[in-house]
Amino acid sequence: MSNQELINAGMQTMDETDQAIERSKKVVHETIEVGTNTATAIKSQTEQMSRIVNELDSIQFSIKKASKLVKEIGRKVATDKCIMIFLFLIVCGVVAVIVVKIVNPHNKDIRDIPGLAPPAQTRRLLYVRTGEHFD
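Letter 29 of the sequence shown, counting from 1, is numbered 29 in the UniProt record's numbering, and no numbers are missing.
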């Protein structure tokens with residue numbers, strides 16, 4: 001091989017090497033760009049996850065508070081139902097007394113109905129303090 005051929009072969013190898021270096025630089029720049037975009041996306045997603053966690057904490061707190069309110073309302077409803085049952089029983093009793101009075105208004109032998117029992121008889125003392133005797 002002559003000197004000129006060696007020089008041409010060396011120049012061609014250098015050109016190929018320069019092209020390979022340029023391709024490598026291009027790949028490095030693309031990789032850096034993809035890495036930057038990925039880092040930005042990850043940061044954005046991390047912030048979004050942080051907001052989601054905060055919202056979940058808020059939702060959990062709201063659910064606990066709502067659960068307590070539901071229990072309290074349930075207790076109040078149960079109390080209201082008990083009061084309604086007692087009022088219903090009282091109304092039924094009043095209606096029963098009214099029905100008995102309407103059906104048989106002159107029957108004085110019914111002693112179970114409040115207010116219809118005969119008055120208590122007068123009591124006599126079994127002893128006298130002054131020494132007097134009963135007649």
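A virtual CB, placed ideally from N, CA and C, is assigned to each residue, including glycine.
All values reported here derive from a predicted model rather than from experimental measurement.
_Reduced DSSP secondary structure (H/G/I, E/B, other) of H29_ = Translated into positions along the sequence shown, residue 29 becomes position 29. The answer is helix: DSSP assigns H29 an H, G or I state.
*For N3, does the three-state DSSP call read helix, strand or coil?*
By 1-based counting over the sequence shown, the position of residue 3 is 3. DSSP places N3 in helix when its eight states are reduced to three.
*Under the three-state DSSP convention, the category N104 falls into*: Locating residue 104 in the sequence shown gives position 104, where the first residue counts as 1. Correct three-state label for N104: coil.
*Return the CA-CA distance between S50 and F61, expressed in angstroms with no decimal places.*
For the purposes of this step, residue 50 is taken as residue 50 along the sequence shown, with counting starting at 1. For the purposes of this step, residue 61 is taken as residue 61 along the sequence shown, with counting starting at 1. So the two alpha carbons sit approximately 17 angstroms from each other.
*Quick one: Cα of I52 to Cα of C82, how far?*
Taking the sequence shown and counting its residues from 1, one reaches residue 52 at position 52. Taking the sequence shown and counting its residues from 1, one reaches residue 82 at position 82. If you take the alpha carbons of I52 and C82, they lie about 44 angstroms apart.
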